[in-house]
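Visitor: As given, the protein sequences belong to chains A and B, one line each in that order.
Heads up, the first sequence is in this note's numbering, so the first residue is 1 and it goes up one at a time.
Heads up, the second sequence is in this note's numbering, so the first residue is 208 and it goes up one at a time.
Using N, Cα and C, we set each Cβ at its ideal position, and we do this for glycine too.
It should be emphasised that the depicted structure is a prediction, and the values quoted were computed from it without experimental measurement.
Take this structure first; my questions come after.
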Amino acid sequence: MIQQRRNAFVHKLFMPYLAYRLRRAFNVLKHDEVEIMPGHSILLLCNHFSWWDGFWAGQLAHTYLHRNFYIMMQEDHIKKRMFFNFLGGFSINRESKEVVKSLQYAADLLGDPKNLVTVFPQGELVSNHAEEVNIERGVDYIVKKIKGDCQIIYYSAFIEYFESLKPSIYFHFLNCGTNHDFDFEKVKALINSHHKKAIKEQINAAH
Amino acid sequence: MVRNKRNFFIRWVLHAYVLCTIKRHLHEINFHKIETDPDKSILLLANHFSYWDSLILYIVTRKLFKRKYHVMVREDTTVKLHYLKYAGAFSVNKKSRDMLQSLDYAAELLQSQQNLVLIFPQGKLYSNFVSDINFEKGATKVMAKAEGKFQLIFAATFIQYMRHKKPTVTVYLENAASATKTQDELKNAYQQFYEKAKAEQTEIII
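Next up, the structure:
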């Protein structure tokens, strides 16, 4: 397992560059409001459908959720891009025995209320049009192992073009409660119904 | 009503612009290769969710259909982007009496086998996530006026990122029976085709 080596200096240099890249590639990043609980770390779950997902999560963690960003990445991916290691990336390999170690590592990071860990619960790239969000059991394991207060937030992101050449991203946030009242099946159902509602809202989005 | 005009130079500039923009913004464009009848013109009906649609279908026309590209565009857009008329755009205004003139013009274009007319039956930009396609009446009227002269083709475009930095475009194409008559029949036929294409896009897992 590859552990994170988050470096505040690298992070400080990277964020303006990321903002620049996002500005160049996208028209707007629009998100709705969600209640952010003070004194809680955040477990951020998102739908995974593109190369950019991690960057959007990083940008939102920096500008909106105000926590130190960490992200769970597939081991073969992070090995090719070890630079992300300095920005909070740590590895998970679903086929290896170390998977539990990675999950425990995520839970340990969430012990600190200053941190945010991004997990793609689907575990693979899925079409943006998909109506079902599959949540892997790993999420349950992470939440059960957290010592301290942690808030679980989910967002559905959607790509739209409309009048612009550049795409816009719409984030639909959902507050899934804290680790103390966490019930895996309930949260899974909640996320799926939220995702379906978000698609309906998206169809009527103003442009 | 604004009709399309021919100007070799402007057309060449716009062609170069489209190629450059696509190369800059898109990873690749995939489309199904379908058979077309060389003795007939083509009426292409497509979904409309972005500014890209007409550019992408322009490329598909060049590569696959090999006809002269014409597209029905809202009048306010042709006024704002006045150079579009040199790229095959002609206007339509739902609120004016000119509309009949536009539909006649589209039917007239379909008389020649060298032409392709692209119409977005949704009438305006909709989200990429719609499941029910809004279908305006114009397309049926054009079809009735140019009956027998054209081949009807359905197109549905989807843009997805997946593992690439730039998005990949998939255009689904299908030969439709041009004998389809009423508004409802046409709408249902397109809806069925669109749902099948969307289901295929939805199933992608990498």
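1. Using 8 Å as the threshold, is the segment 35-48 of chain A in touch with the segment 119-127 of chain A, meaning 3 or more CB pairs across them?
2. Using 10 angstroms around the beta-carbon of F182(A), count the other beta-carbons present and answer buried if the total reaches 16, otherwise exposed.
3. What are the uninterrupted segments assigned as alpha helix (DSSP H) that are 4 or more residues long and contained completely in the segment 232-275 of chain B, given in chain order?
4. Chain A partners of L332(B), CB-CB under 8 Å?
5. Please confirm whether W56(A) has its beta-carbon closer than 9 Å to some beta-carbon of chain B.
6. Going by C-alpha distance, which of F173(A), V139(A), Y20(A) and G111(A) is nearest I146(A)?
7. Using only CA atoms, which one of R210(B), E410(B), K212(B) and I236(B) lies nearest to L125(A)?
8. Is it buried or exposed, E160(A), if we count other Cβ atoms within 10 angstroms and call 16 or more buried?
9. For the segment 228-242 of chain B, list every residue whose C-beta sits within 8 Å of some C-beta in chain A, in sequence order.
10. Of all the options F357(B), A383(B) and K348(B), which has the alpha carbon lying nearest to the alpha carbon of A363(B)?
11. For P16(A) and G54(A), what's the separation of their Cα atoms in angstroms?
12. Distance check for H239(B) and P38(A), CA to CA, integer angstroms please.
13. For T347(B), which residues of its own chain have a beta-carbon under 6 Å away from its beta-carbon, when the five flanking residues on both sides are left out?
14. List the residues of chain A whose Cβ lies closer than 9 Å to the Cβ of Y258(B), in chain order.
15. Does any CB atom of chain B fall closer than 9 Å to the CB of Q202(A)?
16. Taking only the alpha-carbon atoms, compute the straight-line gap between K373(B) and H232(B) and give it to the nearest angstrom.
17. Which same chain residues end up closer than 6 Å to H31(A) when comparing Cβ atoms and leaving out the 5 residues on each side of it in sequence?
18. Under 9 Å between the Cβ atoms of I36(A) and I153(A)?
Guide: A quick look at the data gives this:
1. Here the segment 35-48 of chain A makes contact with the segment 119-127 of chain A; the two share three or more CB pairs at distances below 8 Å.
2. The sequence position of residue 182(A) within the first sequence is 182, counting from 1. Counting Cβ neighbours within 10 Å, F182(A) comes out buried, since at least 16 surround it.
3. Within the segment 232-275 of chain B, the complete alpha helix (DSSP H) runs of at least 4 residues are 259-267.
4. Along the second sequence, one-based indexing puts residue 332(B) at 125. Residues of chain A passing the Cβ test: F162, E163 and H207.
5. Looking up residue 56(A) in the first sequence gives position 56. Not closer than 9 Å to any Cβ of chain B, the Cβ of W56(A) fails to qualify, so no.
6. Walking along the first sequence from the start, residue 146(A) turns up at place 146. Residue G111(A) is the option with its Cα nearest to I146(A).
7. Counting from one through the first sequence, the residue named residue 125(A) turns up at place 125. It is E410(B) whose Cα lies nearest to the Cα of L125(A).
8. Here the question's residue 160(A) lines up with position 160 in the first sequence. Here E160(A) is buried. Its C-beta has 16 or more other C-beta atoms within 10 Å.
9. Per Cβ criterion, the list reads T228 and H232.
10. Residue numbering aside, residue 363(B) sits at position 156 when the second sequence is read from its first letter. Here the closest residue by C-alpha is A383(B).
11. What you label residue 16(A) is simply residue 16 of the first sequence in a count that begins at 1. What you label residue 54(A) is simply residue 54 of the first sequence in a count that begins at 1. G54(A) has its alpha-carbon roughly 16 Å from the corresponding atom of P16(A).
12. Taking the first sequence and counting its residues from 1, the one referred to as residue 38(A) is at position 38. Taking the second sequence and counting its residues from 1, the one referred to as residue 239(B) is at position 32. One C-alpha to the other measures close to 52 Å.
13. Translated into the one-based positions of the second sequence, residue 347(B) becomes position 140. The answer, listed in chain order, is Q390 and L393.
14. The sequence position of residue 258(B) within the second sequence is 51, counting from 1. Simply Y161, F162, E163, S164 and L165.
15. As a working note, residue 202(A) is residue 202 in the first sequence. Contact of Q202(A) with chain B is assigned, a C-beta pair being separated by under 9 Å.
16. Counting from 1 along the second sequence, the entry for residue 373(B) is found at position 166. Counting from 1 along the second sequence, the entry for residue 232(B) is found at position 25. As the crow flies, the alpha-carbon of K373(B) is around 6 Å from that of H232(B).
17. Here residue 31(A) corresponds to residue number 31 of the first sequence, with the count starting at 1. Within the same chain, H31(A) has close Cβ partners F171.
18. Residue mapping note: residue 36(A) aligns to position 36 of the first sequence, counting from 1. Residue mapping note: residue 153(A) aligns to position 153 of the first sequence, counting from 1. With a cutoff of 9 Å on beta-carbon distance, I36(A) and I153(A) are scored as near each other.
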